[in-house]
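Each residue of the sequence shown is one higher than the one before, counting from 1 in full-length UniProt numbering. Structure record follows, encoded as structure tokens.
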Amino acid sequence: MTVITRPVLPPCPQIHGRSSTTFKLPPLEGSLTLPELFDWQAQNSPSHRVFTFADDDGETRDITWREAARGVHTGAKLVRSRLGSQPGIHETPVIAILATSDGIPYFTMMISIMRAGYAAFLISSRNSSAAVAHLISQVGVKHLFVGPEPSMEELAGEVMNLLKTEYPSSSVPNSSSLPLFEELYLPSSTATVDVPYQFKGANAPALILHSSGSTAFPKPIVMSNQRVLEIVRSPCYGERDLCGVVFSLHSTPMFHAMGVMIAMWGPAAGITYAFFKPKSPPTVPSPDLTIQATKATQCDIIAAVPAMIEMWSRVPEYVDYFKTRQGLIYGGGPLSKEVGDFLASEGITIFNLYGSTEGGPLTVILLAEVGMDWEYFKLPDCAKAHMIPQDDGSYEFILMTSDALHPAVLNADANGVPSYATSDLLIRHPTKPGFWKIHGRTDDQIMHSTGEKTNPGPLEAMMNQDPHVHASIIFGRGRFQAGILVDPKREYQFDPSDEKKLAEFRNKIWPTVEKMNEFAPQHSRLFKEMIMVSKPSKPFAYTAKDTVRRGVVLKEYDQEINDIYDLVEKSAQSNVPPPEKWDLDSAAQFVRAVVGKIMTHKVTDSDDLFQHGCDSLQATYIRNALLRGLQETAKIDTRKIVGNFVYDHPTVSSLASFVSGLALGTVDGKKADSPAARINAMHAMVAKYTSDFPAHKPNEAALGARPHGDVVFVTGTTGSLGCHLLSQMAANPEVAVIYGFNRPARNQIPLFERQKAALADRGLDASILNTPKVVLLEGELAQPYWGLPEETYDELHRTVTHIIHNAWRVDFVINLSSFESSIAGVRSLVDFALTSPLPEPPRVLFESSMGVFQNAPDLRFAEEPILPDWALGTGYAESKWVSEQIMYAAGKKTVLDPLVVRVGQVCGGLDGTWNAHEWYPSLVQSAPRLGCFPDDHKGINFIPLDITTSAIIDFRKAPYETGVVHLVHPNPVSWHSLAEVVAQEFNVELVPFPEYVVKLEEVASSVSGAKADAQGEMVRSLRALHLLPFYRGLAEKGSDTRLAIGFGDLDVTRAVKVSPTLGDPNLRQLGAEDVKRWIAYWHRVGQFSGEPL
């Protein structure tokens, strides 16, 4: 029997978390692999934060080592359920991930794959299909996890076809959807049991990355268990204690070495990693959104590629913010010296994260002092270097194998020691021994400021085969994108200052460029404006072998290269003629043409560009092309137009509305989300979905046999309110059948299983699912027949009597346009009702939100339609307003009897369950810490979940023309009566709400300068700090016309009239027992910790 021994690594310095109360240093000598370290930390550092993200309400959600380990085990179980377990098998099959990076679930699944006994292969989503197919065939991937984004599904489909046609001897892997966050991080009550781990040896593959995707054939780089552990140990050779320090990884994708390697340091250093809120599709990390997220998660150190940092450096507000942080980390490419010097001169610490996929991090992580020497790095003690001097005073860096570091690739021999030739040329610091900076590359690989790389050789070879071309050089080191300098054959030479001839030549070679772009990954694509042609006055320099002297030519054309980047920054796509008139239709045609030329995937006018593969480079080109058009024919000054408007308006329709408004003067270009622009978009959306309603034509002959009683169609039944609706209606004798309609799960877990678990989690009887009264359906409202079999849809059509639209996307960050599929679903329900053969069309009940009053003045809000201005502020509220208008229009123009229900603040039900992360539970959590709780003698209209559910069921039978109702408690109780209970439970004093906010402000100020570990502990035990802007806003709204602590006062006259539940004179009011049940529940879930301040 073969004995598999563990690796033995030399001891490493123990500098992290020595004074931490939540983190313990694990054994790092080789006794544990990375997935085993997750288990070790779950046992020894269970409450230490490993991940954090800002929720939609601005509150931070933390994931501890205990939760992260559970997530890994859940993921490992999912892997084994899809591929099967192979105990006793010493080979390590490979599972690949092809997805845009949703940080937390992506990294968790990487560890889960290792835990399940497989090697995780992280493939960049920016590769071409040819590159991905090559990588999969090279490695022999057994299974491919595919991201849910349309662009990824399309790319995976192309890859599978290529594998079948171009690699017939390779097996085509099975594929499935990459599990989402919600599928990995289950409630603790349903946590996955331990998944046994099989150690397969120190040299067994654990992780696979790949080299630059700048050709169609990048190379896989296999990392063993030992190599992965060496990367985990990297920060142990640093000069700073990083325990509890919050690292922003918001903009660093996990499929890139920089992002994934930083994330691997956590078990050894106790770092907390901040990401965007996990969701599908993932948040596109625009410069502004990334800064907002780093602020919301209180990041100490922000990691980003140079291009992102360079954009931030132009915003004074961001520069001031960086001064309050511990520093910025850049890697993956060179940072502009001008930008780096400026930031460093402002007192901002810039850390150079030098390293490579093959060699790992090769710098001290992190230096204690940096200053103006930000370009220089110091090799860590574990890295043994051999420096080969060059003629220009630089040195080629050879990384030698040592006891503590074994490069993943060995391609050289240094003094008899197996080594890795990095191809990097380094220069010594003139006065600091041991410090180096990058001078260049021994090869010609181009590193862009985005961190992406372009390998020019194969692309230049393709260009040089063009019959019009003698030679070419691709350039772009340190720049946002690549360009190409072409030397035409003698018979085609001309003076490129003649713009007409330049355009003609670019068109001649364009078919070759298109072939190059098909071959290259997205970040290496060439745009027509980036094609330069040599000048007769500056002929190319060639060697005796007729090869281009690259360095000499690039130096000769340095000014022209700078000029073309400046020109492209100011203009783009001049061959897309702008419209003479800028009405909405003309603007849409122009935007459609620009987007169609730039995007690699075809999109419709309503498709979100960033969900269909649009990256930051393409967004820049789209922006520049639209601005150029506005300059040329609208004659407006575009210099002050906000730079990120493509992110703010991510569809052809919304971009057209925006640029049309700019040209016509109805939009303030300085602020892309100006009120006028938002209102225009809202009205446009209403107009789109309120035209041509079908006429209702009863057809009794088509009805056939029907159930006796109500047949209710409910959307979104797996959430809290949906579960209660399903449960209560199942017990209602007036209801014959309930159809629970939900979108399919990307993890392919059957709806029955999801619904059963959702009911059980809420203490509801799941056996109702086994009765014929409850029918579960999966589909999409925006699809034909809702994605159902036609016969099922027909059955619904002839039997459904009531529709309760409870499902809605909860996202307070995205814009209105990104809710369009949800809004289209509302119109689909209206059309379904109007085309019903029933004598009376089904009643459609739409659940809106009190959020539509977020921008309203101080007054009592009537149960009636409102102005769009009142809903401005978030795409969520604006989408609710638009949907309300669809309901009103349908009621006015047709025989339909729709009802809008604006739901207020729903609180815990009879079992006390209330999400501990919401604003009121966080307020209560603060009481024992601050020694006080806010008081107010005005009323509050919280409504318990069970009453909310009963009222909605009542509303289905509301009389005709009710129109809109408010769902809040009709009998507000004084805030004081509830606050008294909190004060008694925690023995704290009651203070006026403004005084409470001032005290919270003082605490926030006192911890702002504390160490990261102390700050993290404070925030965990006092989550109200995260919601301080929300509380501050409520305090500012306090007036006699509002309820307690600034809440709006909603009229409920109609609601009480049409709901027997709300109209019951004995309706249960909130009281002391409710508050005690809430607090008991929050105690059970660990809401309260920390000593009084």
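All C-beta atoms, glycine included, are put in the ideal place defined by N, C-alpha and C. In this text the structure is predicted, and so the values were computed from the model without any measurement.
Selection from the options that minimises the alpha carbon distance to residue i
i            : options                             : result
Gln-298      : Leu-135, Ile-329, Ile-262, Gly-244  : Gly-244
residue 1098 : Pro-282, Phe-505, Gly-332, Ser-336  : Summary: the structure shown does not reach residue 1098, with the chain confined to residues 1 through 1093, and so no result is reported for it.
Lys-501      : Ser-534, Ile-309, Gln-14, Pro-511   : Ser-534
Lys-508      : Trp-374, Ala-760, Ile-952, His-468  : His-468
Lys-635      : Asp-1064, Leu-609, Leu-662          : Leu-662
Glu-149      : Arg-809, Val-1056, Leu-721, His-601 : His-601
Gln-984      : Lys-938, Val-1075, Leu-459          : Val-1075
Arg-115      : Asp-194, Leu-1022, Phe-494          : Asp-194
Gly-629      : Ser-654, Gly-327, Phe-590           : Phe-590
Thr-165      : Ser-175, Phe-145, His-134           : His-134
Leu-627      : Pro-13, Gly-596, Val-659            : Val-659
Ile-866      : Glu-884, Thr-874, Tyr-876           : Glu-884
Val-826      : Ala-807, Val-652, Ala-268, Leu-399  : Ala-807
Residue i - containing beta strand (DSSP E), residue span
i       : result
Gly-483 : 483 to 488
Asp-936 : That residue, Asp-936, is in no beta strand (DSSP E); it is neither H nor E in DSSP.
Gly-327 : 327 to 330
Lys-437 : 435 to 441
Tyr-273 : 272 to 274
Backbone CA spacing between residue i and residue j [nearest angstrom]
i       : j        : result
Asp-936 : Ser-45   : 41 Å
Val-712 : His-797  : 12 Å
Thr-357 : Phe-993  : 54 Å
Lys-957 : Val-1058 : 8 Å
Glu-504 : Pro-789  : 54 Å
Pro-650 : Pro-389  : 51 Å
Asp-102 : Gly-117  : 23 Å
Leu-83  : Trp-881  : 46 Å
Ile-111 : Ile-123  : 15 Å
Leu-459 : Gly-483  : 11 Å
Ala-130 : Leu-98   : 14 Å
Asn-699 : Ile-952  : 29 Å
Leu-9   : Leu-28   : 8 Å
Ser-586 : Tyr-542  : 50 Å
Gln-14  : Leu-25   : 8 Å
Beta-carbon contacts of residue i that lie in its chain and below 7 Å, excluding the five residues immediately before and after
i       : result
Glu-580 : Thr-633
Gly-709 : Glu-734, Val-735, Ala-736
Ser-214 : Note that Ser-214 has pLDDT 39, beneath the 50 cutoff, so the model's placement of it is unreliable and the number below is only indicative. Same-chain partners within the cutoff: Lys-453, Thr-454, Asn-455, Ala-520, Pro-521, Ser-524.
Phe-397 : Ala-385, Met-387, Thr-422, Asp-424, Leu-426
Residue j beta carbon less than 8 Å from that of residue i
i        : j       : result
Phe-475  : Leu-554 : yes
Gly-71   : Tyr-197 : no
Gly-904  : Leu-967 : yes
Val-576  : Ala-593 : yes
Met-447  : Pro-334 : yes
Val-1052 : Pro-959 : no
Lys-378  : Gly-434 : yes
Ser-817  : Ser-654 : yes
Phe-38   : Phe-275 : no
Val-895  : His-696 : yes
Val-652  : Val-686 : no
C-beta neighbour in chain C for residue i, strict 8 Å
i       : result
Gly-719 : Considering every chain present, this structure includes no chain C. It has just one protein chain.
Terminal residues of the alpha helix (DSSP H) in which residue i lies
i       : result
Pro-456 : 456 to 464
Val-646 : 645 to 648
Leu-664 : 652 to 664
Thr-165 : 150 to 166
Ser-534 : From DSSP, Ser-534 is part of no alpha helix (DSSP H); its letter is neither H nor E.
Tyr-420 : Run containing Tyr-420: none in the alpha helix (DSSP H); it sits in the beta strand (DSSP E), 417 to 428.
His-134 : 129 to 139
Asn-742 : No alpha helix (DSSP H) holds Asn-742; the beta strand (DSSP E) holding it covers 735 to 742.
Lys-77  : 65 to 83
Beta-carbon proximity list for residue i, same chain, < 8 Å, skipping 5 on both sides
i       : result
Asn-680 : Ser-657, Gly-661, Thr-666, Val-667
Contact set for residue i: own chain, Cβ-Cβ below 6 Å, skip 5 residues either direction
i       : result
Phe-107 : Met-254, Ala-263
Lys-938 : Leu-1043, Ala-1044
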